[in-house]
Amino acid sequence: MRRCHVCKIELVNYEPWRWRCKACNRKQGQQRRKANPEHQNKIAREWYRKNGKRLRWQNKLEFIAAYGSCCICCGEREPRFLTAEHLRGNGAAHRRELGNMATGGKFYSVLKRLGWPKDEYSLLCFNCNAAKHLYGICPHHTVRAVNA
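The opening residue of the sequence shown carries number 9 in the numbering used here; numbering runs sequentially from there.
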């Protein structure tokens, strides 16, 4: 039988290297972070620098899969070209509301937490999305109207 060195409760299903229970370990970590917050910020920044790009890309690929895997206007399938369209035309207001969460690919993690809402967002390639923003309609639709 092994006991926590701090509170002396019995450790059940412990890892061999553990000498504190989870509650005491959590409390000690909180005290350490309070005592030296800059060190914790440095650790978080280093971790995000190493892992952030990969996580953002994974979130974007999940977003693309959830919204049909291709541009709804022209059919583009290259993930690097695909982006989110705000169906209600409130993209700028939504980015202001999200603040820092809207930058650096974190937007996709916000959509993931919301359950990939289909009534507010769709999948467009950057060209179609920019054209809709600038001209009010994508050139693919004007070409179809002229050719019809």
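For every residue, glycine included, the Cβ atom is placed at its ideal position computed from N, Cα and C.
Contact between C81 and C146 holds, since their C-beta atoms are separated by about 5 Å, short of 8 Å.
Boundaries cannot be given for C79, as no alpha helix (DSSP H) includes it and DSSP labels it neither H nor E. The Cβ neighbour count for Y129, taken over all protein chains shown within 10 Å, is at least 16; the residue is labelled buried. Shortest Cα-Cα distance from A139 to any of T91, W124, D127, G123 involves T91.
Separation of the CB atoms of C79 and L142 is rounded to 17 Å, and the pair is thereby denied contact status at 8 Å. In the structure shown, the three-state DSSP call for R10 is strand.
C15 and R103 have their C-alpha atoms some 47 Å from each other.
Put simply, the backbone Cα of C12 is about 9 Å away from that of K30. Counting C-beta pairs with one atom in each stretch, the region 83-102 and the region 34-43 have fewer than three that are closer than 8 Å, which means they do not touch.
Assigned with DSSP and collapsed to three states, C15 falls in coil, not helix or strand. For K68 and R10, the gap between their C-alpha atoms comes out near 45 Å.
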